[in-house]
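Engineer: Chains as they are written, first to last, in my numbering: chain Z, 2 to 197; chain P, 2 to 197; chain Y, 2 to 197; chain W, 2 to 197.
For glycine and all other residues, C-beta sits at the position ideal for the given N, C-alpha and C.
This structure is a prediction, so every number in the text was calculated from the model and none was measured.
There are 4 protein chains.
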Amino acid sequence: MPKLGMEPIRRKALIEATISEIGQRGSLDVTVGQIARRAGMSSGLAHHYFGSKDQMLLAAMRHIMTEFARRTCRGLATARTPRERLDAIIAASFDAREFRPEVVLSWLSFYVQAHHNPGARRLLRVYTGRLHSNLVFNLRQLTDPPRAHRIANGIAALIDGLYIRQALGTNPLDRFQTMELVRDYVDRMLEKESAH
Amino acid sequence: MPKLGMEPIRRKALIEATISEIGQRGSLDVTVGQIARRAGMSSGLAHHYFGSKDQMLLAAMRHIMTEFARRTCRGLATARTPRERLDAIIAASFDAREFRPEVVLSWLSFYVQAHHNPGARRLLRVYTGRLHSNLVFNLRQLTDPPRAHRIANGIAALIDGLYIRQALGTNPLDRFQTMELVRDYVDRMLEKESAH
Amino acid sequence: MPKLGMEPIRRKALIEATISEIGQRGSLDVTVGQIARRAGMSSGLAHHYFGSKDQMLLAAMRHIMTEFARRTCRGLATARTPRERLDAIIAASFDAREFRPEVVLSWLSFYVQAHHNPGARRLLRVYTGRLHSNLVFNLRQLTDPPRAHRIANGIAALIDGLYIRQALGTNPLDRFQTMELVRDYVDRMLEKESAH
Amino acid sequence: MPKLGMEPIRRKALIEATISEIGQRGSLDVTVGQIARRAGMSSGLAHHYFGSKDQMLLAAMRHIMTEFARRTCRGLATARTPRERLDAIIAASFDAREFRPEVVLSWLSFYVQAHHNPGARRLLRVYTGRLHSNLVFNLRQLTDPPRAHRIANGIAALIDGLYIRQALGTNPLDRFQTMELVRDYVDRMLEKESAH
DNA sequence: CATGAATGAGTTTTCATTCAT
DNA sequence: TATGAATGAAAACTCATTCAT
Chain Z
2 MPKLGMEPIR RKALIEATIS EIGQRGSLDV TVGQIARRAG MSSGLAHHYF
52 GSKDQMLLAA MRHIMTEFAR RTCRGLATAR TPRERLDAII AASFDAREFR
102 PEVVLSWLSF YVQAHHNPGA RRLLRVYTGR LHSNLVFNLR QLTDPPRAHR
152 IANGIAALID GLYIRQALGT NPLDRFQTME LVRDYVDRML EKESAH
Chain P
2 MPKLGMEPIR RKALIEATIS EIGQRGSLDV TVGQIARRAG MSSGLAHHYF
52 GSKDQMLLAA MRHIMTEFAR RTCRGLATAR TPRERLDAII AASFDAREFR
102 PEVVLSWLSF YVQAHHNPGA RRLLRVYTGR LHSNLVFNLR QLTDPPRAHR
152 IANGIAALID GLYIRQALGT NPLDRFQTME LVRDYVDRML EKESAH
Chain Y
2 MPKLGMEPIR RKALIEATIS EIGQRGSLDV TVGQIARRAG MSSGLAHHYF
52 GSKDQMLLAA MRHIMTEFAR RTCRGLATAR TPRERLDAII AASFDAREFR
102 PEVVLSWLSF YVQAHHNPGA RRLLRVYTGR LHSNLVFNLR QLTDPPRAHR
152 IANGIAALID GLYIRQALGT NPLDRFQTME LVRDYVDRML EKESAH
Chain W
2 MPKLGMEPIR RKALIEATIS EIGQRGSLDV TVGQIARRAG MSSGLAHHYF
52 GSKDQMLLAA MRHIMTEFAR RTCRGLATAR TPRERLDAII AASFDAREFR
102 PEVVLSWLSF YVQAHHNPGA RRLLRVYTGR LHSNLVFNLR QLTDPPRAHR
152 IANGIAALID GLYIRQALGT NPLDRFQTME LVRDYVDRML EKESAH
C-alpha cells in the first residue's frame, strides 16, 4: 500500500522499533532484519530509508537525545530559581519515559558504540556538553565557578552511573528515590559551611 | 613435543589478550582470531582451552573482578578506621591498573554483555553485591542503616558513572581528582548537621 | 494531466542518460535508478518505457550504432573514389562525437554484454557485418577479393583495438593521429609491389 | 582433509576456476560462490585465501599476465634478430593457451574492470608499458625512433583488436591467420621505400 | 502518465566452530 | 598440545522489478 509521504512514518516506525528491539534483546547486536520485522516492513526498505544500519542506530540515538533536550527545555521553562532549574534538569533525566528499560539500555549500547563510531561520538559530545553547560550555568549562581564545574561533573557522573545501574538491574531504587539521590547530592554539595 | 602445564599459561595469555584487544578496538566486537593472534596462538587453540568465545570473555571478566577483589582486600587490610576502609575501597576502584583505558572499556563492554549473558550477569551481581556490602558494613559504623544503604548506592553509582565517563573520554578529571570527587561525596553525605 | 507523445522524449532521455552514466561510472554496473535519476524521472517510469533494464541497455547500444551508421552514410555520400570512401568509413569511426570517452566506454561495455545477451550479440553482428561489407566493397575495387577481406579484417581489428585503448586511456595518440594510423595501414596494405 | 601447505594449491585452484568461470559465463559478473564451487570449496574459504572478490579477480588477472610475460621471455630467448624478436612477441600474444576463449574473455572483462579498479588499472599499465617498450626496443633497430613508436602503437592496437574480436566471436581468422595478419602489418610498416 | 513505496532474491563478507593431521 | 584448513550460517547491503495510488 504505497502512499505518498510514507518516509517520515517509516523512519519513525524504524526508530521506535530500533529502540524497542535493543531494549528487548539487551544488546546493540540487533539485526536490520529484526528491526524491520518489528517495524512491519522488509529489511530492504529499512536500508532504503536509512542507507545503512549505522545511520539507523544513529538516528535512534539522535531521537532519544532530542526527546531529552525537549523535556529539559520544557522543564526549564517553568522553573524560577537556579535550584529549581537544576531540579528540572535532573527530573528530565529521570522522566518516566526516559527511564524505561529499553531507553536506558539503548543509552548504554550507544555509549559503547560511541567509542568507535565517529557519528555517535559527536552526538554524545553534544549531549554531554549541553548537560554540562546547563548545569554549570545554574550552579554558578549558587557557588563559585570551580565548584560549579566540580559539582556539575559529579551530577553528570551520578546520572550516568544511575542509568547504567538501571540498565543492568543493579539499581535498587525506584525512579523517585533515584532522583532524590541526585537532588540530595546537589544539596549537600551546595552547603556553605563545609570545609572544602 | 607436548609441553606439560601449558594450560594455565595459555589461559592467562588469552585472558590478557582479550582485555587488550577489547581496549584497543574499543568494542566487544572482537573476534576469537584477533585475540588468539595477539596471544600468539591459533584460534583453534583458544577454543580448545575455553570451549567457546563466550567462556573466554567471561573468564576475562572474572579475571578483572578477581583482581579488583584482591586489591580491595589488600587495601582493607592496612586500613584502621571505617573511614579509611571506605577510602581503601574507593582507591581500589581507581587504582592505576584498574583505571587503564582498556580495562575500563572492558568493564563497559561486559556491562552490556551482562544484560543478555546469564554467566556475565551472575558475575556482575557478585561484584555489585560484594561492593555494596563492603560499603554498607563500614558506613553503618558511621551512620544509621538506611542512610548507610543510601550512601552506598550513591558511591556505587558515582563509581560506575565515573568509569563510563572515563571510558567515553568525557571525564575531564584525572585519576586523583576523580577519586577525590568520590571521597568528597562520602564526606558530605556523612556530615551530621545536614537537614536531611 | 497525461501528456501526449511523451514516449519518444522519455525514451531518448533515458538512452542518453544510459550512455552518460556508463561513461561517467566507467562500468556497465549502472543501476536503473541512477539512469532514471539522471534522465530526470523515476525508476518505475524507466521500466514502464523499456520493460527491463536489459532492453534499455540494448536500446542505448542500438542508438550508438544507428548514429554510427548515419554518420557513415553521410560520409560515403560525398566521397567520390573507393579510397575516399574507405577514408569516410574510418572518419565515421573516429568522429569527434563517436570517440568521446563515454561513448567509447559504452562500446566496450556493450562488447562485454554481447557475449551473454543474445539481443546485444545480434546487434553487434549487424554492426560488424555492415562494417565488413562496406570495407570489402570498396577494397575490392582496389585489390583482389581475398586481400580485400584480409585488409577489411585488419582495419576492423585496428579500429576495435584503438577504441579499447582509448577507453582504457592507453592510447597515446590524439583523434587525428589515431585516424592517420588506420589510414596509413590502408595505404601500406594496398601498395602494389609488396612481396606478399 | 586439512593438510598443511594448502594455501598455494587452493589459490591456484581458485585462480583457474575464476578464469574458467568468467570464460564460460562470458562476463565478470561471476559470484564468489560460483567460483568457489567450481574450485571445489566453500565461498568462505575463497575469502579466507583472498580477502575479497576483487583481490581474487586481480590475482587471476595477474596470473594471466605473468603467464604471458613468461611466454614472451621464453620466445625472446631463442630469437636472434630484432625481426625474430618481434615475431616472438607476437607469437606469445597468440599462443594457443593464451588465445583460448576463456582467457581472451577474461582479458576483455579485466579491461572493463581496469577502468574503475585502481589495482587492475595499475596491472594493465604494467602490461601495456612492458609490451610497448619490448616492441620499441626491437623496432628501433630497424627504423627511426618516431616510426618505432608509431608502429609499436599499431601493433598493440591490432593485438587488442584481434583479442576483442576473438572474444566476441567476430574474428573469422584462425590463430595462424590472426598472427600472420599482425606479422604482415609489421612487414609492411617496415618497408623502406614507402613515401611516408 | 508518473511516482516512489515495497519486496525479495541474490551477493559479498565475516566468524565461531569443528576437525584432520 | 597445536595448527590452520574448512565449513556454513548469518549479516549487511543492493537492486531489478512490481504495483497501488
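Here's the rule I'm using: 16 or more other beta-carbon atoms within 10 Å means buried, otherwise exposed. How should W:Thr179 be labelled?
Structural biologist: Against the fourth sequence, residue 179 of chain W aligns to sequence position 178. Buried, since its Cβ has 16 or more Cβ neighbours within 10 Å.
Engineer: Tell me the DSSP secondary structure of Z:Lys54 in three-state form.
Structural biologist: By 1-based counting over the first sequence, the position of residue 54 of chain Z is 53. Correct three-state label for Z:Lys54: helix.
Engineer: Quick check: is the beta carbon of Z:Tyr50 nearer than 8 Å to any beta carbon in chain P?
Structural biologist: Walking along the first sequence from the start, residue 50 of chain Z turns up at place 49. Output row for Z:Tyr50: interface = no.
Engineer: Taking a contact to mean a Cβ-Cβ separation below 8 Å, would you say W:Ala61 touches W:Gly76 in this structure?
Structural biologist: The residue you call residue 61 of chain W lines up with position 60 of the fourth sequence. The residue you call residue 76 of chain W lines up with position 75 of the fourth sequence. Cβ distance not < 8 Å, so W:Ala61 and W:Gly76 don't count as in contact.
Engineer: Sorted by chain position, which residues of the same chain lie with C-beta nearer than 6 Å to Z:His197's C-beta, five sequence neighbours on each side aside?
Structural biologist: Residue numbering aside, residue 197 of chain Z sits at position 196 when the first sequence is read from its first letter. Residue confidence is low: Z:His197 scores 46 on pLDDT, short of 50, so the model does not pin down where it sits. No coordinate-derived value is stated.
Engineer: Am I right that W:Tyr186 and W:Leu159 are in contact with their C-beta atoms under 8 Å? What's the rounded C-beta distance?
Structural biologist: The count along the fourth sequence starts at 1 and reaches residue 186 of chain W at position 185. The count along the fourth sequence starts at 1 and reaches residue 159 of chain W at position 158. Sure, about 6 Å apart at Cβ, within 8 Å.
Engineer: Are Y:Arg184 and Y:Ile36 touching if we call contact CB-CB under 8 Å?
Structural biologist: What you label residue 184 of chain Y is simply residue 183 of the third sequence in a count that begins at 1. What you label residue 36 of chain Y is simply residue 35 of the third sequence in a count that begins at 1. No, the Cβ-Cβ distance between Y:Arg184 and Y:Ile36 is not below 8 Å.
Engineer: If you draw a straight line from the C-alpha of Y:Gly170 to the C-alpha of W:Leu182, how long is it?
Structural biologist: Residue numbering aside, residue 170 of chain Y sits at position 169 when the third sequence is read from its first letter. Residue numbering aside, residue 182 of chain W sits at position 181 when the fourth sequence is read from its first letter. In a straight line, the C-alpha of Y:Gly170 is about 25 Å away from that of W:Leu182.
Engineer: Going straight from the alpha carbon of P:Leu58 to that of P:His64, what length do you get?
Structural biologist: Walking along the second sequence from the start, residue 58 of chain P turns up at place 57. Walking along the second sequence from the start, residue 64 of chain P turns up at place 63. Approximately 10 Å, taken between the alpha carbons.
Engineer: Identify every run of the alpha helix (DSSP H) within the region 96-129 of chain Y, keeping only runs that are complete inside it and at least 4 residues long; order them along the chain.
Structural biologist: Runs of the alpha helix (DSSP H) inside the region 96-129 of chain Y: 102-115.
Engineer: Would a check of beta-carbon distances place W:Asp198 closer than 8 Å to chain Y?
Structural biologist: It is not possible to answer for residue 198 of chain W, since the shown part of chain W is limited to 2 through 197.
Engineer: When the Cα atoms are used, what is the spatial distance from W:Gly56 to W:Tyr128?
Structural biologist: In the fourth sequence, residue 56 of chain W corresponds to position 55, counting from 1. In the fourth sequence, residue 128 of chain W corresponds to position 127, counting from 1. In the sequence under discussion, the amino acid at residue 56 of chain W is Gln, which differs from the Gly named in the question. Cα-Cα distance, rounded: 18 Å.
Engineer: Using a C-beta cutoff of 8 Å, does W:Pro173 count as contacting chain Y?
Structural biologist: Position 172 of the fourth sequence, counted from the first residue, corresponds to residue 173 of chain W. So, interface residue.
Engineer: For Y:Leu15, name the three-state secondary structure that DSSP assigns.
Structural biologist: Taking the third sequence and counting its residues from 1, one reaches residue 15 of chain Y at position 14. Correct three-state label for Y:Leu15: helix.
Engineer: Would you say Z:Ser134 touches the ligand SAH, meaning its beta carbon is less than 7 Å from a heavy atom?
Structural biologist: With respect to small molecules bound, the structure shown includes none, and the ligand SAH cannot be examined in it.
Engineer: Considering Cα atoms alone, identify which of P:Phe111, P:His116, P:Phe69 is closest to P:Ser94.
Structural biologist: Numbered from 1 along the second sequence, position 93 holds the residue referred to as residue 94 of chain P. Among P:Phe111, P:His116, P:Phe69, the Cα nearest to that of P:Ser94 belongs to P:Phe69.
Engineer: Comparing alpha-carbon positions, which option in Z:Glu17, Z:Phe177, Z:Phe138 lies nearest Z:Pro83?
Structural biologist: What you label residue 83 of chain Z is simply residue 82 of the first sequence in a count that begins at 1. It is Z:Phe138.
Engineer: Can you find a CB in chain Y that lies within less than 8 Å of the CB of W:Leu182?
Structural biologist: Taking the fourth sequence and counting its residues from 1, one reaches residue 182 of chain W at position 181. It does; some Cβ of chain Y falls within 8 Å.
Engineer: Roughly how many angstroms lie between the CA atoms of Z:Arg136 and P:Phe111, to the nearest whole one?
Structural biologist: Position 135 of the first sequence, counting from 1, holds the residue named residue 136 of chain Z. Position 110 of the second sequence, counting from 1, holds the residue named residue 111 of chain P. One detail in the question is off: residue 136 of chain Z reads as Leu in this sequence, not Arg. Straight-line Cα distance between these residues: approximately 30 Å.
Engineer: Could you check where the alpha helix (DSSP H) with W:Ala80 kicks off and where it finishes?
Structural biologist: For this step, residue 80 of chain W is matched to residue 79 along the fourth sequence. Run containing W:Ala80: none; DSSP gives neither H nor E here.
Engineer: Given that P:Arg57 touches chain Z, what residues does it touch there, using C-beta distances under 7 Å?
Structural biologist: Position 56 of the second sequence, counted from the start, is the residue given in the question as residue 57 of chain P. The sequence given here places Met at residue 57 of chain P; Arg does not occur at that position. Chain Z residues near P:Met57: none, gap ~17 Å exceeds 7 Å.
Engineer: Can you pull the chain P residues whose beta carbon is under 8 Å from the beta carbon of Z:Val113, in chain order?
Structural biologist: Locating residue 113 of chain Z in the first sequence gives position 112, where the first residue counts as 1. What Z:Val113 touches in chain P: Ser28, Leu29, Leu109, Ser110, Val113.
Engineer: Do you know how far the Cα of W:Ile156 is from the Cα of Y:Arg131?
Structural biologist: One-based indexing of the third sequence puts residue 131 of chain Y at position 130. One-based indexing of the fourth sequence puts residue 156 of chain W at position 155. Rounded to whole angstroms, Y:Arg131 to W:Ile156 spans 25 Å at the Cα level.
Engineer: Determine the closest residue to Y:Val31 out of Y:Leu191, Y:Ser134, Y:Met66, Y:Gln114, with distance taken between C-alpha atoms.
Structural biologist: The residue given as residue 31 of chain Y occupies position 30 in the third sequence. For Y:Val31, the nearest C-alpha among the options comes from Y:Gln114.
Engineer: By the criterion of Cβ-Cβ separation under 9 Å, what are the contact partners of W:His64 in chain Y?
Structural biologist: The residue given as residue 64 of chain W occupies position 63 in the fourth sequence. Per Cβ cutoff of 9 Å: no residues; W:His64 is ~20 Å from chain Y at best.
Engineer: Tell me which residues of the region 137-160 of chain W have at least one Cβ-Cβ distance to chain Y shorter than 9 Å, keeping chain order.
Structural biologist: Listed by position along the chain: His150, Arg151, Asn154, Gly155, Ala157, Ala158, Leu159, Ile160.
Engineer: Pull up the CB-CB distance for W:Glu103 and W:Ile20, whole angstroms please, since I reckon it's below 8 Å.
Structural biologist: For the purposes of this step, residue 103 of chain W is identified with residue 102 of the fourth sequence, where counting begins at 1. For the purposes of this step, residue 20 of chain W is identified with residue 19 of the fourth sequence, where counting begins at 1. That belief holds up - the Cβ atoms of W:Glu103 and W:Ile20 are roughly 6 Å apart, short of 8 Å.
Engineer: Going by C-alpha distance, which of W:Leu140, W:Gly162, W:Leu163 is nearest W:Ile152?
Structural biologist: Position 151 of the fourth sequence, counting from 1, holds the residue named residue 152 of chain W. Ranking W:Leu140, W:Gly162, W:Leu163 by Cα distance to W:Ile152 puts W:Leu140 first.
Engineer: Measuring only the C-alpha atoms, how far is Z:Ala168 from Z:Leu106?
Structural biologist: In the first sequence, residue 168 of chain Z corresponds to position 167, counting from 1. In the first sequence, residue 106 of chain Z corresponds to position 105, counting from 1. Using only the alpha carbons, I get a separation of about 5 Å.
Engineer: Using a Cβ cut-off of 8 Å (strictly closer), state whether W:Ala121 contacts chain Y.
Structural biologist: Numbered from its first residue, the fourth sequence carries residue 121 of chain W at position 120. No, its Cβ sits nowhere closer than 8 Å to a Cβ of chain Y.
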